[in-house]
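Protein chains in written order, with the numbering used here: chain A, 3 to 199; chain B, 3 to 199.
In this text, a Cβ means the ideal position worked out from N, Cα and C, and glycines have one as well.
These notes concern the structure reproduced below.
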DNA sequence: CCGTAGTGAATGAGTATTCAGTTTTCTGCC
DNA sequence: GGCAGAAAACTGAATACTCATTCACTACGG
């Protein structure tokens, strides 16, 4: 079997897992259910993934790879100011999650299942993502547009916190709003704060 | 048995549950383990709680009652400006979680187990908590110190998002920092934003 | 001495993972 | 092309658990 065909099957299993886990939750989804949706036998799952948990982590890895790739494109753009980069970053985060509700559910809910999984995830790709935000903030202070005394990493976590809460709130809301529509108010608050200027 | 003694036993079970679930996770903790730590038989748990899930929800209810009580005290204080109220609110949130790591773990991780539980929780006490933040922001716009065009509820969610991320980050970090030490930078960013003024 | 509270072994449902057997794909040869 | 044999991929029923919940019985307090 060619590498390409194997890769495609792996993707099919991951897609099936995203769909089922988003709807029934990680513990509510059996490996059999995922296998059935992917059109393979239960045992086949274990040819591609070490365990059910490994499957969940692989969903995360695949998604974060895309997130980080796109985010890096924004951060590394030449001749773009920090403010504009931040604007784009916020829009990107909200768009990527807002365009795939199943994935959003998994990111906002299912990945937080146990301290153990959360620790594993946050130690990996998550760090890179936060570092990218921090880079934008550092650029901003260098340009003199962002405050001089900013702790870039801490501030990056706050930026992430806002985006994360927007996503969770959207996932939980029944209303049919677009997540990306919150880009502007989020950026405004981040840049200008609550105070009147 | 007096109501008081019954209440005390219920509290003991809740305390035991907080401790065990924080350490092993909800799914990693058996009802037997909780019973053993509380010094009661397995069956006794079911005299006080409908199910294991009800136990988790009861932990949330008990904690949120305290949170909301203390938060309401801040929001309803007479003769205090919105900026100062926000400062106090941030400090309160970070202190309450920072002083009880087990409870913090449960809040930041275990409560988010399934969409189902999260929905249940966010529809109840969580709403009130957000509403309290929103009230402070509204007061600020009325006073003219906060921006006029603020969507108070949306901004409240952003405030909450930052606090929530600070707490999660603290829970996941091995370092021995105090969560409350982040009060000042959080408040600064919220009030003044990233931009130089 | 009775009703309330508590007990903990038994139940029964659920399911991740394995593995002996089957099918498909690949390889080298005519 | 086509074919045998080997290797790789796949299958799904059986295994080997784990645990929430129940309930017949016991102990206790008023």
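Span separating the alpha-carbon of residue 170 of chain A from that of residue 168 of chain B: 16 Å
For residue 51 of chain A, count the other beta carbons within 10 Å of its own beta carbon; 16 or more makes it buried, fewer makes it exposed. Which is it? buried
So the alpha helix (DSSP H) residue 183 of chain A belongs to, where does it begin and stop? No alpha helix (DSSP H) contains residue 183 of chain A, which DSSP labels as neither H nor E.
I need the DSSP call for residue 51 of chain B, collapsed to helix, strand or coil. coil
What does DSSP give as the partner residue(s) for residue 197 of chain B in the beta ladder? A:148
Kindly indicate which three-state DSSP category residue 101 of chain B falls into: helix, strand or coil? coil
With residue 142 of chain A and residue 84 of chain A assumed to form a contact (beta carbons below 8 Å), what rounded beta-carbon distance in angstroms separates them? 3 Å
For residue 197 of chain B and residue 194 of chain A, which I take to be in contact (beta-carbon distance under 8 Å), what is that distance rounded to the nearest angstrom? About 6 Å separates the two Cβ atoms, so the contact holds.
Alpha carbon of residue 145 of chain B to alpha carbon of residue 101 of chain B, nearest angstrom: 33 Å
Closer than 8 Å, CB to CB, is residue 91 of chain B near chain A or not? no
Near-chain B residues of the stretch 82 to 114 of chain A (beta-carbon distance less than 7 Å), N- to C-terminal order: 107, 111 and 114
Tell me whether residue 178 of chain B sits in a helix, a strand or coil according to DSSP, three-state version. coil
Just the C-alpha distance for residue 38 of chain B and residue 157 of chain B, rounded to the nearest angstrom, thanks. 44 Å
Using 8 Å as the limit for Cβ to Cβ distance, is residue 157 of chain B near chain A? yes
Would you mind telling me which residues of chain A sit closer than 7 Å to residue 164 of chain B, beta carbon to beta carbon, in chain order? 160, 163 and 164
Show which residues of chain B have a CB atom less than 7 Å away from the CB atom of residue 194 of chain A. 195 and 197
Is any beta-carbon of chain A found at less than 8 Å from that of residue 66 of chain B? no
Straight-line CA distance for residue 159 of chain B to residue 164 of chain A? 8 Å
Tell me where the alpha helix (DSSP H) around residue 35 of chain B begins and ends. 33 to 40
If we require 4 or more residues per run, which alpha helix (DSSP H) segments fall completely within the stretch 115 to 169 of chain A? 117 to 125 and 127 to 145
Cutting at 6 Å between CB atoms, please list the residues of its own chain near residue 57 of chain A, excluding the five before and the five after it. Around residue 57 of chain A: 19 and 51.
Out of curiosity, what's the CA-to-CA distance linking residue 35 of chain B and residue 28 of chain B? 11 Å
Whole-angstrom distance between residue 190 of chain B and residue 178 of chain A, CA atom to CA atom: 34 Å
Mind checking residue 114 of chain A: buried by the 16 CB within 10 Å criterion, or exposed? buried
Can you give the beta carbon distance from residue 116 of chain A to residue 111 of chain B, rounded, assuming they're within the 8 Å contact cut? 7 Å
Would residue 77 of chain A pass as a contact of residue 138 of chain A if the rule is Cβ separation under 8 Å? yes
Given residue 128 of chain B, which residues of its chain have a CB within under 8 Å of its CB, disregarding the five upstream and five downstream residues? 66
So is residue 199 of chain B buried or exposed if we call it buried at 16+ other beta carbons inside 10 Å? With fewer than 16 other Cβ atoms within 10 Å, it is exposed.
Strictly under 8 Å for the Cβ-Cβ distance: is residue 22 of chain A near chain B by that measure? no
Using only CA atoms, which one of B:87, B:42 and B:33 lies nearest to residue 54 of chain B? B:33
What's the C-alpha gap between residue 151 of chain A and residue 16 of chain A? 44 Å
Excluding sequence positions up to five away, which residues of its chain have a Cβ less than 8 Å from the Cβ of residue 96 of chain A? 165, 168, 169, 181, 182, 184, 185 and 188
Can we count residue 77 of chain B as close to the ligand ATP, meaning its CB is less than 7 Å from some heavy atom? Of the ligands one can find in the structure shown there are none, so the ligand ATP has no counterpart to examine.
First and last residue of the uninterrupted alpha helix (DSSP H) at residue 19 of chain B: Counting along the chain, the alpha helix (DSSP H) containing residue 19 of chain B begins and ends at 5 to 26.
Checking 8 Å against the spacing of the C-beta atoms, do residue 104 of chain B and residue 49 of chain B come in under that value? no
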